[in-house]
Each structure stands twice: as C-alpha cells, then as structure tokens.
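Q:
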Amino acid sequence: MKVKNDFVTNSSSVSFCMWGTICSVYKLPEETICSVYENYLLSNRSNDNKPTFDEFKESGNIINEFENMCELYGLKCIVSPHSEVAYIEREISSMKDDETYLDFKKYVEDTFKIIGFNFNPELIEGTWFDG
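Heads up: the sequence shown begins at 0 in numbering that gives the first Met the number 0, then just goes up one per residue.
This is the structure:
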C-alpha cells in the first residue's frame, strides 16, 4: 500500500447515471406548461386568488411548480446552477429490487406522456464539478 504524505486534494465532483432527458427550463413545451398549471390549481385548492393561465406563465413560478409536479410523479427535475439546463429524470439507483430495466424505462416514458413532456428519455451519464 502506498501512503501519500504531501498535499492531498478532494474534488467536488458528482457522477450520475439516469434515464431521462436534458432540456432548457425556459423552453418547456406548451402542453407541459398546461399540465404544470393544472397541477398547480389542484394542489392550491384553498387559494381564492388563483391566477389565470397567462398570469401563471408570467409569474416566474413555472420552474418551481414543474419541479413539484415531477416529484409528485416520481421523477426529479434538477436544474443546473450555472445554466438554464434541466435534467428531467429518474435515477438508476431508484430502481426497485423487483423492477426490470425495461419496466424502469417504461415508467419514465409513460410518466413523460402523462405530464405532457414530449421528449424521448435516454440514458444520461455524466459528472458535475463544483469547484
């Protein structure tokens, strides 16, 4: 075994493997924005001052509400802190013991359709570095 006695650094990188897509958070399809709005209305039933669809689109809450909707359906929306890119995905590590890879992929594909997200999911592997 080798022992390093001089300066040692730790990197701030994270590797990931997921099934999903990468998109611009500022260019969500209109159908997806409609789904986000409907989900917002359902989750805020007690609010008497519900915004119209156009007011909702202009409010700047779409990204937060989209993240909430993804979570509701078992997906994650991870917005890159340094760009307008978002990863809409389900991590491979979330696969259940009795779930096949085909079942896992189909769940993501079906969920994309339910939330009006017209993208074809694919395997995404990468690393984020923060430092």
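Cβ atoms here follow ideal geometry from the backbone N, Cα and C, with glycine treated the same way. Note that the structure is predicted; figures quoted are calculated from it, not measured.
Start and end of the alpha helix (DSSP H) containing tyrosine 39?
A: Its alpha helix (DSSP H) spans residues 29 to 42.
Q: On the DSSP letters alone, give me the boundaries of the alpha helix (DSSP H) that valine 107 sits inside.
A: Element bounds for valine 107: 100 to 113.
Q: Do you know offhand how far glutamate 64's Cα is from threonine 99's?
A: Distance between the alpha carbons of glutamate 64 and threonine 99 is about 30 angstroms.
Q: Hey, is the stretch 34 to 42 in contact with the stretch 94 to 109, meaning 3+ C-beta pairs nearer than 8 angstroms?
A: Judged by Cβ distances under 8 angstroms, the stretch 34 to 42 makes no contact with the stretch 94 to 109, as fewer than three pairs qualify.
Q: Is it a yes or a no for the stretch 14 to 27 touching the stretch 111 to 125, going by three-plus beta-carbon pairs under 8 angstroms?
A: Yes, they touch.
Q: Taking the beta carbon of valine 107 as the centre, do at least 16 other beta carbons fall within 10 Å, making it buried, or is it exposed?
A: When all chains shown are included, valine 107 counts as buried.
Q: Excluding sequence positions up to five away, which residues of its chain have a Cβ less than 7 angstroms from the Cβ of isoleucine 87?
A: If we look at isoleucine 87 and ignore the five residues flanking it on each side, its Cβ neighbours are Gly19, Thr20, Cys22, Cys69, Leu74, Cys76, Phe116.
Q: Decide if isoleucine 114 is buried, meaning its Cβ has at least 16 other Cβ atoms within 10 Å, or exposed.
A: Isoleucine 114 is buried by the Cβ-count criterion.
Q: Please return the same chain residues whose Cβ sits closer than 6 angstroms to the Cβ of asparagine 119, not counting the five positions on each side in sequence.
A: Closer than 6 angstroms at Cβ, skipping near neighbours: no residue.
Q: So, at 7 angstroms on beta carbons, what are the nonlocal neighbours of cysteine 33 in its own chain, with the 5 sequence-adjacent residues on each side left out?
A: Excluding positions up to five away in sequence, the list reads Gly115.
Q: For the alpha helix (DSSP H) containing lysine 56, list its first residue and its last residue.
A: 52 to 58 is the span of the alpha helix (DSSP H), which, as asked, contains lysine 56.
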